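First up is the structure itself, then whatever we jot down about it.
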Amino acid sequence: MSNNFGLNQTLEYCEVALDSWDAGSYGGTSFGGDPGGLLKYSWPLYYFTSRQDTVAAFKIIQAEIPFVFDVINSDNNTFTFTDNGTPYTITITPGSYTGPSLASELQTQLSAVSPGFTVVFNATTIRFDFNRTGAGDWSLYFPDRKSAYSFLGFVPLVDYTNTGNSTITSATIAQVSGPYYLYINSRKIGSLINFNLADQNPQGGSGPQVCRIPINVQHGSVIFYTDPDPGKYFDFFAGQQFDSFDFYLTLGSDQHQTPIDMQGSPWSLKVALLTYRKASVDIYKKPGLNRTGVIKL
1 MSNNFGLNQT LEYCEVALDS WDAGSYGGTS FGGDPGGLLK YSWPLYYFTS
51 RQDTVAAFKI IQAEIPFVFD VINSDNNTFT FTDNGTPYTI TITPGSYTGP
101 SLASELQTQL SAVSPGFTVV FNATTIRFDF NRTGAGDWSL YFPDRKSAYS
151 FLGFVPLVDY TNTGNSTITS ATIAQVSGPY YLYINSRKIG SLINFNLADQ
201 NPQGGSGPQV CRIPINVQHG SVIFYTDPDP GKYFDFFAGQ QFDSFDFYLT
251 LGSDQHQTPI DMQGSPWSLK VALLTYRKAS VDIYKKPGLN RTGVIKL
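Numbering-wise, the sequence shown is residues 1 to 297 according to our numbering.
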């Protein structure tokens with residue numbers, strides 16, 4: 001396919017600029033947080049009814065996303081601490097943390113059920129040391145991928161056990177600041193384009209992801225993204241009018257793929273579309289004038 005989309009008898013190039021604050025409704029309700037009345041600004045639904053276009057290809061070519069979302073939210077903030085055979089569910093307060101601030105939060109939560117417990121973040125090894133005083137066995141356990149395993153540097157479904165006055169150190173590097181990338185998703189568009197993630201389930205189908213965005217700034221800054229390969233497009237596998245569409249964001253890596261709460265902050269996308277030109281229009285034919293002076297095609 002040549003790139004002369006602006007002068008092509010079959011395809012017409014179209015850009016759609018989207019801002020979350022322009023949304024009048026929301027695209028879904030399943031959520032990794034509690035956005036309340038701000039849901040439509042985290043999962044905006046848009047309409048494209050002023051044009052009767054049939055889409056041939058699609059791509060996200062630009063994005064501006066403020067890093068204001070909580071990397072630890074109500075969907076990934078728990079793990080199990082067992083002390084002398086008694087299990088406790090530890091719940092981390094949702095938010096975005098540094099290593100020392102997360103260590104302080106963990107120490108507060110663990111000390112509430114096991115006095116004398118301390119947690120220290122080692123900035124050199126990028127790991128946490130969980131220090132417990134007292135007799136008997138104790139353990140840390142992360143039951144699934146919806147737990148806080150990656151933030152604390154552990155592997156899910158492994159029982160980390162120790163005895164007496166002892167220390168358990170993170171098994172892997174702790175991803176305190178969260179994943180290194182996020183996904184732009186669309187419930188309506190995701191299954192219609194050839195953007196794919198590896199799936200451990202051989203029966204798995206197409207997911208909602210439509211674009212992968214590196215997180216290359218610190219919390220509180222803005223992620224600016226420009227598509228690195230703008231000459232390539234995804235075929236759009238639907239011969240229907242493109243009348244409405246939704247977008248939402250999820251954390252990348254191994255995090256549980258649930259929409260993140262943008263907390264009402266505006267974020268924007270620029271979408272490039274290739275649409276089929278109307279068969280009755282031939283842009284290579286020079287318009288002529290009839291006797292009344294009206295241009296005719």
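Idealized CB from N, CA, C, for every residue including glycine. Quantities reported herein were computed from a predicted structural model and do not represent experimental measurements.
Have a look at the options and flag the residue whose alpha-carbon is nearest the alpha-carbon of residue i.
i	options	result
ASP227	SER244, ALA272, ASN185 and ASP235	ALA272
ILE126	SER268, PHE151, THR275 and ASP144	PHE151
VAL119	LYS146, GLN107, SER147 and PRO266	GLN107
ILE65	ASP137, GLN109, PHE130 and ARG212	ARG212
VAL55	ILE193, TYR160, PRO44 and ASN165	ILE193
LYS59	LEU197, TYR233, TYR47 and ASP243	TYR233
GLY220	ASP243, SER265, ILE184 and LEU182	SER265
GLU269	GLY27, ALA57, THR124 and PRO44	According to the sequence displayed, residue 269 carries Leu and not Glu. Closest by alpha carbon: PRO44.
SER170	THR29, PRO156 and TYR181	PRO156
SER206	PHE224, ASN185, TYR225 and ILE223	ASN185
ILE61	GLU15, TYR26, TYR97 and GLN9	GLU15
SER166	LEU197, ALA198 and PHE117	PHE117
PHE237	ASP246, PHE195 and VAL158	PHE195
GLY358	ALA57, PRO179, PRO143 and VAL210	No answer is possible for residue 358: it lies beyond the span of the chain, which begins at 1 and ends at 297.
ASP19	TYR46, ASP235, THR163 and THR172	TYR46
GLY235	ILE223, TYR181, VAL210 and THR29	Sequence inspection shows Asp at residue 235; the Gly mentioned does not correspond to that position. If we check each option's Cα against that of ASP235, VAL210 comes out closest.
TRP138	ASP246, VAL158 and GLY164	GLY164
TYR225	SER114, PRO179, ALA63 and PRO35	ALA63
PRO100	PRO87, ALA112, PRO115 and ASP129	ASP129
ASP243	ASP53, PRO35 and TYR13	ASP53
THR172	ASN162, VAL158 and TYR248	VAL158
TRP21	ASN162, TYR276 and TRP267	TRP267
Tell me the residue span of the alpha helix (DSSP H) that contains residue i.
i	result
LYS40	39–42
GLN107	99–111
TYR149	149–152
Given a cut-off of 8 Å, decide if residue j and residue i are closer than it, judged by their beta-carbon atoms.
i	j	result
PHE121	LEU102	yes
PRO208	GLY190	yes
ASP75	LYS146	yes
GLU105	THR91	no
TYR183	GLY252	yes
LEU274	LEU110	no
LEU39	PHE31	yes
GLY36	ASP246	no
Taking 7 Å as the cut-off, is the CB of residue i close to at least one heavy atom of the ligand MN?
i	result
LEU249	The ligand MN is not part of this structure, which contains no ligands at all.
Since residue i and residue j are thought to touch, with beta carbons under 8 Å apart, how far apart are those beta carbons, to the nearest angstrom?
i	j	result
ALA174	THR78	Contact doesn't hold; Cβ gap of about 16 Å is too wide.
ALA299	TYR41	Nothing can be reported for residue 299, as the shown portion of the chain is limited to 1 through 297.
THR98	VAL176	7 Å
In the DSSP assignment, the beta strand (DSSP E) including residue i goes from what residue to what residue?
i	result
SER166	166–169
ARG132	127–132
SER221	No beta strand (DSSP E) contains SER221, which DSSP labels as neither H nor E.
TYR183	181–185
ALA63	55–66
ASP243	Here ASP243 belongs to no beta strand (DSSP E), and DSSP marks it neither H nor E.
LEU301	Any property of residue 301 remains undetermined from this structure, which presents the chain solely from 1 to 297.
ARG145	No beta strand (DSSP E) contains ARG145, which DSSP labels as neither H nor E.
ILE90	86–91
ASN194	No beta strand (DSSP E) contains ASN194, which DSSP labels as neither H nor E.
ASP159	159–163
Please report whether the beta-carbon of residue i lies at a distance below 8 Å from any beta-carbon of chain C.
i	result
ASP53	Annotation note: the requested chain C is absent from the structure, which comprises a single protein chain.
- Message: So, does the stretch 258–278 touch the stretch 65–80, judging by three or more C-beta pairs under 8 Å?
- Response: Yes, since at least three Cβ pairs between the stretch 258–278 and the stretch 65–80 fall closer than 8 Å, the two stretches touch.
- Item | contact_flag[the stretch 131–139, the stretch 80–87] where n(CB pairs < 8 Å) is 3 or more | yes
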